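Position 316, counted from 1, in the sequence shown is what this note's numbering calls 316; the numbers after and before it change by one each time, with no gaps.
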Amino acid sequence: MDEEHAVRREEEEARIDELEEKERGEKDRTLSIQSKRREEEEEEEEEEETEMMKAGAKDKARRQLIGGHTPISASSSFTSSPFLSSCRRGRGGEDDGEEDEVRVAIVTIEDESCPSEPFGTAHLEMANQVTRPEDDEKEEEGGGTEGVQEEKEEEDEEDANSDEREEEEEEIAEMTSPPLHLCQMKRKLDHGPDGRPFHSGKKHCKGNGYLSPSSLVQATPTTFGDLRLANGHSAQRRRVTSGPPPSGLQDWLHTFQMWSGPERLLALDELIDRCETSQVKHMMQVIEPQFQRDFISLLPKELALYVLTFLAPRDLLQAAQTCRYWRTLAEDNLLWREKCREEGISECALSRRRKCVQQGVAVGPWKSAYIRQHRIENNWRKGDTGEPLVLKGHDDHVITCLQFSGDLIVSGSDDNTLKVWSAITGKCLRTLTGHTGGVWCSQMAAATVISGSTDRTLRVWDAESGECVRTLYGHTSTVRCMHLHGNRVVSGSRDTTLRVWDVSTGRCEHVLTGHVAAVRCVQYDGRRVVSGGYDYMVKVWDPETEACLHTLQGHTNRVYSLQFDGAFVVSGSLDTSIRVWDAETGGCVHTLTGHQSLTSGMELRDNILVSGNADSTVRVWDVRTGQCLHTLQGPNKHQSAVTCLQFCRGLVLSSSDDGTVKLWDLRTGAWLRDVVALQSRGSGGVVWRIRASDTRLVCAAGSRNGTEETKLLVLDFDLDDRKKETE
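This is the structure we're talking about:
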């Protein structure tokens with residue numbers, strides 16, 4: 001028994017000796033690896049110092065050449081940005097041969113290392129430091145040691161994990177629909193303003209701290225503790241105080257330190273799988289704050305503004321509430337000028353000589369213009385206009401024509417007069433008298449009004465003074481239609497002729513003959529005249545030679561309405577059809593069918609045609625394809641014939657014999673609301689004419705049986721703006 005115990009003790013001692021030798025060998029290998037790493041880091045630091053000294057020498061030489069200025073060449077991928085276009089100019093804003101150089105910190109974005117840090121691992125290139133590809137190649141070739149390989153493997157693994165976390169956060173963002181789509185903005189920043197990817201010549205830096213120009217050398221954080229220190233956090237963070245540390249903790253941590261990067265990741269995966277929910281939550285509370293960055297504040301102002309250009313105006317307003325610096329950026333006038341350009345807003349609020357102040361902060365003119373247009377759009381769609389102005393006149397007569405320009409409204413009636421009204425006060429400024437018959441048509445440009453009457457004359461009026469400037473004689477029957485372009489007006493009459501007049505002299509320049517019945521509608525674009533008549537014909541004229549270029553035949557009843565945009569002629573007839581003609585060849589391109597009665601009015605703009613019909617419907621067409629895009633009807637449709645229509649701001653306005661004016665969405669064809677509804681609607685109340693601008697709607701209303709007074713209704717959709725101007 002004693003011999004067996006002795007043998008066992010010898011075997012155990014031998015195994016212990018072997019284990020001690022292995023441990024000594026592993027420690028020796030570890031020390032050798034650490035010494036190699038220290039040597040490599042010292043070599044890299046020496047190389048960086050050498051490069052910096054070279055760069056400093058070059059910079060000093062350049063300063064001497066240009067008189068003390070320190071030049072820097074910015075990346076060409078940012079030159080297309082509107083915020084960087086003015087960086088290089090001569091003094092005084094003139095190109096005088098000398099260019100002032102601007103010091104700009106350039107951000108290069110190389111990967112998406114963390115969902116909560118949209119820029120990933122960003123490198124801020126210093127003002128006097130130029131990255132050279134050959135230096136990067138030397139660093140990569142010199143990094144073939146085991147420690148560098150482990151760092152690369154760690155980075156690859158971290159990138160893979162961050163991509164998975166990013167996909168999860170994007171799915172959550174899609175479900176919750178936050179107002180600021182930072183993930184989308186981050187992906188747009190993968191490329192510069194000219195569409196090229198950002199330069200990625202430098203190696204990744206694990207640090208996330210902002211490198212100011214004064215800090216020329218900064219240690220690269222290699223552990224989470226180093227990261228905390230680099231970010232300005234205390235190394236002594238709040239620790240768990242649930243009890244004393246477990247025995248063997250230091251040995252466990254030492255063992256973890258001895259493992260390679262992939263081995264640590266594997267150990268962490270196994271450790272997380274064995275953690276309870278509260279423990280994982282604790283890890284998140286410690287780790288997540290370290291990767292949260294106000295990336296906008298870290299960027300140079302020009303780049304931060306470029307990032308904000310990707311946000312919608314609604315999101316910019318949300319971003320302005322984040323902090324003072326974000327508000328300063330979000331209020332930038334050039335930024336809002338770009339947003340106005342995208343929305344087609346060309347009028348700057350500065351031209352209105354008005355300042356807008358919100359909560360003590362002056363709002364830039366372009367932002368003010370955008371907010372104003374947005375408010376007007378909401379007023380149109382939601383009805384925030386207040387009570388309309390009511391303009392009463394013309395007694396119980398019918399208002400046959402309606403025009404307005406600026407703040408002046410002109411209405412013509414079968415009582416032989418025209419009246420000039422103020423759109424602001426609603427007062428009748430003057431009555432234009434002189435016609436001896438009913439006024440049936442009119443045109444207006446600025447303060448000049450032209451009217452046609454059953455007395456066979458046209459009259460030119462000054463709306464400001466109420467004076468009849470001249471009377472145009474020539475027609476031998478009622479002047480039924482006219483169209484003004486520039487200083488010329490073309491009139492059509494029941495005498496079957498058209499006449500071209502010079503408004504300034506009152507001289508009849510041309511007489512166009514060819515129709516065999518009354519001319520009911522006319523259009524003039526300055527080059528061609530198009531007319532439609534009761535002879536079922538549409539004619540295209542050259543007014544200079546008085547020649548009829550084309551006679552467009554196809555309608556089987558009277559032509560009542562026309563539209564002409566230079567390329568297409570569109571005619572509406574009592575035969576229920578609408579025909580689209582080629583103005584150059586005279587050929588019929590499309591026959592639009594669907595209406596059941598007379599097409600009383602049409603509007604053509606950008607190949608979109610809107611037609612109103614006596615069958616109580618409004619239709620939207622594409623004249624290029626002949627397709628009917630929408631039929632504006634349904635439960636809220638008109639209950640009687642459509643009398644007039646207008647479309648503006650992507651909206652369609654239609655008036656009817658049923659005493660209403662309805663608002664429709666041009667894009668979807670949906671009914672939005674009744675803008676006007678007379679008290680006598682459905683029992684005799686009629687809206688005869690409507691005219692609309694971006695901010696106003698004027699309606700001529702009355703009745704045929706005495707149930708509604710003849711009047712004008714004026715709705716202003718820019719009330720807030722008008723109120724401020726009045727004050």
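From the three backbone atoms N, C-alpha and C, an ideal C-beta is built for every residue, glycine too.
From a predicted model like this one, the values you see are computed outputs, not experimental measurements.
Helix, strand or coil at residue i [DSSP, three-state]
i	result
residue 35	helix
residue 568	strand
residue 217	The pLDDT assigned to residue 217 is 39, lower than 50, so where the model puts this residue is not dependable, and the model offers no usable value.
residue 716	strand
residue 404	strand
residue 445	strand
residue 623	coil
residue 24	helix
residue 337	helix
residue 305	helix
residue 455	coil
residue 707	coil
residue 633	coil
residue 527	coil
residue 646	strand
residue 674	strand
residue 739	The requested residue 739 is not part of the displayed model; the chain covers only 1 to 727.
residue 9	helix
residue 520	strand
Opposing strand residues paired with residue i [DSSP bridges]
i	result
residue 690	699
residue 508	501
residue 547	542
residue 556	None; residue 556 has no bridge partner.
residue 591	579
residue 492	481 and 498
residue 467	462
residue 563	570
residue 399	413
residue 391	712
residue 19	According to DSSP, residue 19 bridges with nothing at all.
residue 533	519
residue 685	703
Extent of the continuous alpha helix (DSSP H) to which residue i belongs
i	result
residue 317	313-319
residue 257	249-258
residue 325	324-330
residue 371	365-382
residue 268	261-273
residue 596	Here residue 596 belongs to no alpha helix (DSSP H), and DSSP marks it neither H nor E.
residue 295	295-298
residue 285	277-287
Any non-hydrogen atom of the ligand MN closer than 7 Å to residue i Cβ
i	result
residue 519	The ligand MN is not part of this structure, which contains no ligands at all.
Endpoints, beta strand (DSSP E) assigned at residue i
i	result
residue 599	599-605
residue 422	418-422
residue 652	651-656
residue 608	608-613
residue 663	660-665
residue 430	428-432
Beta-carbon proximity of residue i to residue j, cut-off 8 Å
i	j	result
residue 387	residue 363	no
residue 641	residue 577	no
residue 653	residue 661	yes
residue 612	residue 645	yes
residue 695	residue 450	no
residue 617	residue 627	no
residue 380	residue 579	no
residue 499	residue 474	yes
residue 453	residue 439	yes
residue 638	residue 619	no
residue 555	residue 573	yes
Open item on the list: Contact between the stretch 365-378 and the stretch 397-417 is defined here as three or more beta-carbon pairs at a separation below 8 Å; is this criterion met?
Closed with: The stretch 365-378 is not in contact with the stretch 397-417.
Open item on the list: Three or more C-beta pairs under 8 Å: does that hold for the stretch 669-680 against the stretch 333-345?
Closed with: No: fewer than three Cβ pairs fall under 8 Å.
- [ ] Please determine if the stretch 526-542 and the stretch 498-516 are in contact, where contact requires at least 3 C-beta pairs separated by less than 8 Å.
- [x] The way I'd put it, the stretch 526-542 does touch the stretch 498-516; three or more beta-carbon pairs between them come closer than 8 Å.
TODO: Please determine if the stretch 562-580 and the stretch 496-514 are in contact, where contact requires at least 3 C-beta pairs separated by less than 8 Å.
DONE: Note that the stretch 562-580 does not touch the stretch 496-514; fewer than 3 beta-carbon pairs, one per stretch, sit closer than 8 Å.
Open item on the list: I'd like to know if the stretch 542-554 and the stretch 448-462 are in contact, where contact means that at least 3 CB-CB pairs between them fall below 8 Å.
Closed with: No, the stretch 542-554 does not touch the stretch 448-462.
Task: Any 3 or more C-beta pairs closer than 8 Å across the stretch 477-484 and the stretch 418-431 - done: Between the stretch 477-484 and the stretch 418-431 there are fewer than three C-beta pairs closer than 8 Å, too few to call the two in contact.
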